[in-house]
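Going down the list, the protein sequences come from chains A and B. Going by my numbering, the first residue of the first sequence is number 1, and it counts up by one from there. Going by my numbering, the first residue of the second sequence is number 117, and it counts up by one from there. Backbone N, C-alpha and C fix where the C-beta goes; we use that ideal spot for every residue, glycine too. Since we're looking at a predicted model, the values are computed, not measured.
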Amino acid sequence: DGGITQSPKYLFRKEGQNVTLSCEQNLNHDAMYWYRQDPGQGLRLIYYSQIVNDFQKGDIAEGYSVSREKKESFPLTVTSAQKNPTAFYLCASSGPTSGRAIYEQYFGPGTRLTVT
Amino acid sequence: GQQLNQSPQSMFIQEGEDVSMNCTSSSIFNTWLWYKQDPGEGPVLLIALYKAGELTSNGRLTAQFGITRKDSFLNISASIPSDVGIYFCAGQLGPTGANNLFFGTGTRLTVIP
Chain A
1 DGGITQSPKY LFRKEGQNVT LSCEQNLNHD AMYWYRQDPG QGLRLIYYSQ IVNDFQKGDI
61 AEGYSVSREK KESFPLTVTS AQKNPTAFYL CASSGPTSGR AIYEQYFGPG TRLTVT
Chain B
117 GQQLNQSPQS MFIQEGEDVS MNCTSSSIFN TWLWYKQDPG EGPVLLIALY KAGELTSNGR
177 LTAQFGITRK DSFLNISASI PSDVGIYFCA GQLGPTGANN LFFGTGTRLT VIP
């Protein structure tokens, strides 16, 4: 089954620790994205990558870092510099589908990070 | 990033009723997408619209791409309890690239059995 997996589903960390969230896709999509969602709010873009070994900052990149060494994988590290890291994190990917030129984004199931 | 204006913010309806929600923007988009998010899960793509004026159905869901390319609406007919969730619209400017996809703030739907 093709899809996007995120692990773990729930993650707990102490303040001051870095933590890495996993995102893997087997859809053969070139582009991958990380979003943050806070309660009652929409999605805010953290980082995105349109191709392996390249990534760009989104709207709220401060305190986060990413890597894109493989097409299938786009891990997100929440560093101790992120002032309010507790949130729901969503990974997405996009690529050509059904021969269309428009590439819709598909989301993983999310990781809920709690930092205390 | 830009936010789309999505309304209503929340809705409480009886099972069997029809639902309508819409999304407006000051910008023109080339694609409109509608997603549904269940509690604690990632958004799932429901409908994608690619042309101004396009009307597309997916089961009990119908969505339209506004003629002005600045708005879209989603209708759900004969609602059922599993329709509960948050519905997001998203406007896309071009074929790819994260910096050209903008999300609405969501409509939270509650269906009362």
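{"Item": "Length of the line joining the Cα atoms of ALA92/A and TRP34/A", "Value": "6 Å"}
{"Item": "Helix, strand or coil at SER7/A according to DSSP, with G and I counted as helix", "Value": "strand"}
{"Item": "Chain-ordered residues of the stretch 53-81 of chain A with a beta carbon less than 8 Å from chain B", "Value": "GLN56, GLY58, ASP59"}
{"Item": "With 16 other Cβ atoms within 10 Å as the buried cut-off, status of THR223/B", "Value": "buried"}
{"Item": "Inter-residue spacing [alpha-carbon to alpha-carbon] between PRO197/B and ILE228/B", "Value": "7 Å"}
{"Item": "Inter-residue spacing [alpha-carbon to alpha-carbon] between GLU131/B and SER195/B", "Value": "5 Å"}
{"Item": "Spatial neighbours of ALA110/A in its chain, beta-carbon cut-off 7 Å, leaving aside the 5 residues before and after", "Value": "The sequence shown places Gly at residue 110/A, not Ala. Within the same chain, GLY110/A has close Cβ partners GLN6, PHE88, TYR89, LEU90."}
{"Item": "Close beta carbons around ILE144/B, own chain, < 7 Å, minus the five adjacent residues each side", "Value": "ARG185, LYS186"}
{"Item": "For SER198/B, the three-state DSSP class (helix, strand or coil)", "Value": "helix"}
{"Item": "9 Å Cβ cutoff met for LEU165/B and THR140/B", "Value": "no"}
{"Item": "For GLY201/B and LYS152/B, believed in contact at Cβ under 8 Å, the rounded distance", "Value": "5 Å"}
{"Item": "Residues bridged to VAL52/A [DSSP beta-bridge criterion]", "Value": "Beta-bridge pairing links VAL52/A to no other residue."}
{"Item": "Under 8 Å from the C-beta of PRO109/A: neighbouring residues of chain B", "Value": "GLU157, GLY158"}
{"Item": "Residue-chain proximity (ALA92/A, chain B), Cβ-Cβ < 9 Å", "Value": "yes"}
{"Item": "Closer than 9 Å at the beta carbon, the chain A residues around LEU149/B", "Value": "GLU104, GLN105"}
{"Item": "Three-state secondary structure (DSSP) of ASN191/B", "Value": "strand"}
{"Item": "Under 9 Å between C-beta atoms of ASP54/A and ARG68/A", "Value": "yes"}
{"Item": "Limits of the beta strand (DSSP E) - the one that ARG185/B falls within", "Value": "From DSSP, ARG185/B is part of no beta strand (DSSP E); its letter is neither H nor E."}
{"Item": "Beta carbon proximity, GLN180/B to chain A, threshold 9 Å", "Value": "no"}
{"Item": "Residue of GLY40/A, GLY3/A, PRO75/A minimising C-alpha distance to ASN26/A", "Value": "GLY3/A"}
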